[in-house]
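Protein chains in written order, with this note's numbering: chain A, 1 to 517; chain B, 1001 to 1305; chain C, 2001 to 2356.
Dropping the structure here:
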C-alpha cells in the first residue's frame, strides 16, 4: 500500500481552559483513498482531535500538514474550503427544508442574481447523489425521511462542498443493520473514488469489515496506528479499554441486606419515542454496588430516568423497596430515600446562579428539620450547610457563594453532599466523577463505599472502567438496551473481556437486543 | 345585517382594518423565521406613524414620507438587533424598552416639532393616495372592492407575495429560515447567524414602519398619541398563529379583519361597544390557544410514534 | 454571589442610570428652549415643597405593588405581562365593591381591596393556565388579556357604575370606602404601609418560605427543580396567582386612595410596564422594590413639575426608563470590565490555595 499521504496531524496537544488535557502528543496520518478508523472510549480524545481537524478547536501544540504543506484550520468554513467535511453524530440538518435545499444551503445556485435556481439546485443535488450511487429523493423534506437517508444527505452535503477528506462521527450508531450495510457499500465507493474517510466508532466488527487502518486512542493519547488486517479484535479492545493505575480501595466483602430495588421486564423509550431498553430485569440488594458499564447510548440514561421517576415512558415494573413507583411523583420516590447523582450536573444537578446553601437543600427542604409548614428554618439550614461543607470538603468562600462559581469537583461535592445527607437507602450514581479532579473523585468513591457498607443499595453507571472495577460488587454490561453480561466475581473480569461485552462481541443473553428503527 | 355583510363596504372595512396589522404581521414573521421574537413592533408602529406624518409634511410628498419612514423603521430594527445580538440584552426586555421610548418619544417629538399635544392637528401631512381603477370601477361589487382602495392596502397585499418569494425563493430567505430553525446547522455550513439576524430585524423594522405609516396616513389622517393601541402585539400573535409564514399571517390577519368589521357592524345593534372593542383581542387570544393546542397535540403524536 | 461581583453589579446599574439621565438631558437640550431650567426643575422640583415631596411618596405606592407582583411572577421565569391588566381590574373591582356593596366604613375598603387582589390573581393566572393546558405563549396571551381587561372595565364602567352627569367616570366613591389622608395637605395614605408590607412579605415569601424556594429553583433551572421533586405546575400557578394578587391589591388601593374620587380609567395606566423596570432595577428582589419605586417616582414627580413650569413634557421619563432598561439588561454592557475583575479574583483565590 504505497499510497500517498494526504493529511498529517503531528504531535497535537489540546488542553481545555478547565485544565483537562484532551489530547496529549497525538499524531494521525491519513492516506489517500483509505478508510481510517479512529477508535476509543468516550472521553479518549477522539472528538477533540476531530474538532481540531475541523477547525472548531485550535490546538495548543502540534501542526497539521495537508498534502505535505503545513496549514492552519481556523474555522469549519476554513476546513470545508480545504476539502475537509464532517458528518456530525447529531445531524446538522434543517428538518423543514428539502434535501436539495439542505445540500445547497450557503452555496446556492442562482438565477437572475436574486433568486435561488431551484431547478439547478435539484439537478446538482441529483447529480451528486447519482455520482455516488445514493438513491435519494432530493425534493423530499428532511423531516419526512428516515434516519439512514438523513445521514446520506449529510454525506452528500460534504461532498457537494468538495470534501476529499470525510469525517464520520459514529455514523452507524443510529442505523439499522441494513442501512449500515448500505452505508458501507457507499463508503467503499467513496474510497475507490479517491476520497479519504475517517470513521469514528466503538464497533470492532464494523471496523474489521470496512476500515483499512485504525488509530486507537486512550486517555487523550494515541495507542498507535495499526493495519486492520494485522490486528485482532481482542487486541484492539485491549488497547482501547486497557486499565490505568487503579486507585485501590480496601473493600470488605459485601453484607447483603435484602432486595431494595427490583426492575421487571422494563421496556423504556427516549424522548423521541425510540425504544432504548428492551425487556430488562434485575435487582439490587442493600449493601452492594451494582456497576453498570457500557458504551454510552445503550440505554443507561433511560434506565436511570425511569428508576428516578424523571421519565414515565416505559412499561414493566420498577419496585422500590417493594412498592411500584409508576404512579409515584418524583418527590414521593425521593421520600422513599432514593438519592440520585445525575449525569449532567449543570443541566439537572444544580442551579448555577443560586448559592451553595440553596443548592444543598433542594431535595430535603420539606424535612421538618429544615422547614415548617410554610417557612424555611434558616438557622437550621445554615448550620447544617456548614456541617456538610466541612464534611464533604467543599472548597468555597462561604455558603452564600454561587454554585456556578465553584470548580467542577466542588460542584459535584455539593451535589453528592446534598444527595447523601438524607441518609439514602438506594443511590443511583450516574457518572458521579466525570470530568472532576482526582481528589474529589477519590472522595466521592470512598463515600459510595461508605454508604454501601452502611447497607445502602447502589447502582453505579459509569464510563470510567477504573471506577467500575474498583467499586462494583457485581458488574453488568449494557448493550443495546439490555445486559450483555453480568459478573459477580468482578476481580477476575479482565478489561479485555469487559470490552468484548461492551462492544457486543460477546453476549450472554444474545436474543434480548433492541433493533434500531 | 346580512345585507351589510355582503356589501363591498364590508370587504373594504376588512381590508382597511387589517392593512396596518398585516404589515406588522409580516414583520413579525420575518423576525420569527430568523429566530427572534420582535415584540418591539408596537413601538415601531408608533414611531412610524409619527414619522410618516412629519416627513410626508416636510417633503410634501407621500413617497418621500414613506421612504424616510421606512428607513427609520429599518434603523429601529437595527438598534433592536444591536442590543439583542451585540450586547446580549434579553429580546423581550429590549423590546419593552423600545416600546416605552416610542410612547414617550413620539409625544415629545410631536410637541417639539409642532407644538401639538396628543394629536398632530397642525401638521399638514400627505396621506397615501387612494387608487381608483378606471375600468374596473364600473363592474358591480368587484369594482367597488378593487377600486378605491388605499395604495398602502395594495402594498400590503403585494408585500405578502414579496415576503413569500423572499423567504422561500431567494438565498437570503433560505439563510434566514436556516438560522431560525437551527443556528448550529446554519453556522456549520459557513452562514453567519448574527449577520442574518441583523438583516432580518432591519427588514422587520422596514415592513412594520409601512404599517405605521398607514395608521396616520390612510387609516386616519393624523398622528394621535398611542395610536398603535396594541396592534403590534396583535400582529405578534397573528404571526405566530399563521406559523410565521407570510401566507399564514395574511389569512389570520384577514380573519382578524373580518372580526373587526363584523364588530363595526354590530355597533348598529344593541351589543355594547365596549364588548365589541374587545373582539380583536379576544379572537386573537382564543385563536392562539386553539392553534397552540393543535400544534402541541401534533408534536406529541409525532413523539409517541 | 461574591461580594466584588455584587459591588460591580451595583456600580454598573448606577452607571447605566447616569448614562440614561445624561441622554435624557441631552434630549431636553434638543427640544427645550430653557433646558437648564428644565433640568434644574426636574432634579430639585420634588424638594421644592412638602406637597411636591408628598407627590413622590404617593407615586411610589402603586409602583411598589406592581413591582413586587411582577418580581414574583418573573422569579418563576414566566414572562407574564398581565400585571398591567391585574392592576386595572383591581381598581375596577374596588370601585364596584365601594359603590355597590354598601358595606360599613372600615370594612368596606378591606373587602374591596381583598376582592381586587382576588380579581388580579385570577386574571394573571389565565396565561399560566393557558400555557399549561394549550401551550400558548404566556407573553402573547398576557398582552392580549391586558386589552381585554381594559375593555371589560370600560364595559362595567359605562353600563353599571357610570355617573351620567360626568360621562366616562363612575359615581363618587363613598367616603366609607376611601382610604384616609395621613398627613395634612398631602394625599399620602395608609396604602403606603400596605405597599411596604407587600414588598417585605414578598421578600419573605420569595427568600424565606418553602414555596418561594421552590419558585426560585424552578425559575433558575426547571430541570433541576423537577429532578429535586418540585411540582412545576403548582409552583408556576402559585407564583402567577400571588403576583397578580399583589398587582390587583395595588389597583384597589390606588383607586380608593385620595388620589382618585371616581373610577375613571379609560386607558391602561402603564403600571405593568413600569413594574418591569422596577423589577429590573431591584434584580427581582421585592425588598428592593421600594427603593426602585422611590427612584422612579422621584423622576416622575420631577418630570411632571418640569412639565408644569417649562416646555418639556412628562413623557421624557419614558425615554429615560427605556434607556435604563436597555443598559441594565444588556449583559455585555461593561462586560469586559467584569471579566477582568472575575479573572483577577480567580487568580487571587488560586494563589490563596497555593499558600494553603
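Ideal Cβ positions, reconstructed from N, Cα and C, are used throughout, including at glycine. Computed from a prediction, not measured in an experiment: that's the story for all the values here.
Residue j beta carbon less than 8 Å from that of residue i
i: residue 1146 (chain B); j: residue 1136 (chain B); result: yes
i: residue 2263 (chain C); j: residue 2091 (chain C); result: yes
i: residue 346 (chain A); j: residue 1184 (chain B); result: no
i: residue 2255 (chain C); j: residue 2072 (chain C); result: no
i: residue 223 (chain A); j: residue 239 (chain A); result: yes
i: residue 164 (chain A); j: residue 62 (chain A); result: no
i: residue 1218 (chain B); j: residue 1035 (chain B); result: no
i: residue 1077 (chain B); j: residue 1245 (chain B); result: no
i: residue 2150 (chain C); j: residue 1285 (chain B); result: no
i: residue 2229 (chain C); j: residue 2094 (chain C); result: no
i: residue 308 (chain A); j: residue 340 (chain A); result: yes
i: residue 356 (chain A); j: residue 399 (chain A); result: yes
i: residue 1021 (chain B); j: residue 1051 (chain B); result: no
i: residue 2197 (chain C); j: residue 2068 (chain C); result: no
i: residue 1152 (chain B); j: residue 1210 (chain B); result: yes
i: residue 2247 (chain C); j: residue 2086 (chain C); result: yes
i: residue 217 (chain A); j: residue 158 (chain A); result: no
i: residue 1085 (chain B); j: residue 1194 (chain B); result: yes
Nearest candidate by alpha-carbon position, reference residue i, set the options
i: residue 2331 (chain C); options: B:1091, B:1061 and B:1188; result: B:1091
i: residue 505 (chain A); options: A:235, A:211 and A:115; result: A:235
i: residue 324 (chain A); options: A:363, A:262 and A:480; result: A:262
i: residue 2121 (chain C); options: C:2081, C:2156 and C:2273; result: C:2081
i: residue 134 (chain A); options: A:143, A:426 and A:148; result: A:148
i: residue 1262 (chain B); options: B:1280, B:1079 and B:1251; result: B:1280
i: residue 2059 (chain C); options: C:2308, C:2281 and C:2191; result: C:2191
i: residue 534 (chain A); options: A:4, A:293, A:344 and A:452; result: This structure gives no information on residue 534 (chain A), because the portion of chain A shown stretches from 1 to 517.
i: residue 2079 (chain C); options: C:2039, C:2240 and C:2261; result: C:2240
i: residue 385 (chain A); options: A:253, A:419 and A:408; result: A:419
i: residue 2065 (chain C); options: C:2160, C:2170, C:2201 and C:2168; result: C:2201
i: residue 1259 (chain B); options: B:1287, B:1233, B:1100 and B:1126; result: B:1287
Cβ-based neighbour list, residue i, same chain, cut-off 7 Å, excluding 5 preceding and 5 following
i: residue 2153 (chain C); result: 2088, 2089, 2092 and 2265
i: residue 245 (chain A); result: Note that residue 245 (chain A) scores 45 on pLDDT, short of 50, meaning its location in the model is unreliable; the coordinates nonetheless yield the value given after this. Around residue 245 (chain A): no qualifying Cβ.
i: residue 1089 (chain B); result: 1083
i: residue 2020 (chain C); result: 2320, 2323, 2324 and 2327
i: residue 57 (chain A); result: 14, 48 and 51
i: residue 162 (chain A); result: 83
Cβ-Cβ separation, residue j to residue i (assumed contact under 8 Å), whole Å
i: residue 168 (chain A); j: residue 207 (chain A); result: That pair is no contact at about 12 Å.
i: residue 81 (chain A); j: residue 100 (chain A); result: Contact flag wrong, Cβ pair sits at about 22 Å.
i: residue 455 (chain A); j: residue 273 (chain A); result: About 39 Å; that fails the 8 Å criterion.
i: residue 2031 (chain C); j: residue 1268 (chain B); result: Residue 2031 (chain C) to residue 1268 (chain B), Cβ: 45 Å. No contact.
i: residue 1212 (chain B); j: residue 1015 (chain B); result: The pair is not a contact, with the Cβ atoms about 17 Å apart (cut-off 8 Å).
Cβ-based neighbour list, residue i, same chain, cut-off 8 Å, excluding 5 preceding and 5 following
i: residue 2181 (chain C); result: 2187, 2188, 2189 and 2258
i: residue 1141 (chain B); result: 1008
i: residue 97 (chain A); result: 105, 141 and 142
i: residue 317 (chain A); result: 262, 263, 264, 265, 266, 324 and 326
i: residue 95 (chain A); result: 141, 142 and 143
Proximal residues to residue i (C-beta, below 6 Å), its chain only, five neighbours per side dropped
i: residue 392 (chain A); result: 413 and 417
i: residue 2013 (chain C); result: 2328
Exercise. Answer yes if the stretch 2309-2320 of chain C comes into contact with the stretch 2101-2108 of chain C, meaning at least three C-beta pairs across the two stretches below 8 Å, and no otherwise.
Key: no
Quiz item: Hey, is the stretch 2179-2192 of chain C in contact with the stretch 2051-2061 of chain C, meaning 3+ C-beta pairs nearer than 8 Å?
Solution: yes
Quiz item: Just checking, does the stretch 342-362 of chain A make contact with the stretch 401-419 of chain A on the three C-beta pairs under 8 Å criterion?
Solution: yes
Practice problem: Mind the definition here: the stretch 2292-2302 of chain C touches the stretch 1053-1072 of chain B only if three or more C-beta pairs lie below 8 Å; say whether that holds. | Solution: no
Quiz item: Is there contact here, the stretch 111-118 of chain A with the stretch 1198-1208 of chain B, by at least three beta-carbon pairs under 8 Å?
Solution: no
Quiz item: Given 8 Å as the limit, is there contact between the stretch 441-459 of chain A and the stretch 419-432 of chain A, that is, 3 or more CB pairs closer than that?
Solution: yes
Practice problem: Please determine if the stretch 2268-2283 of chain C and the stretch 2211-2222 of chain C are in contact, where contact requires at least 3 C-beta pairs separated by less than 8 Å. | Solution: no
Quiz item: Is there contact between the stretch 460-480 of chain A and the stretch 184-201 of chain A, where contact requires at least three CB pairs shorter than 8 Å?
Solution: no
Self-check item: Cβ contact check for the stretch 2301-2310 of chain C and the stretch 2035-2043 of chain C: 3 or more pairs under 8 Å
Solution: yes
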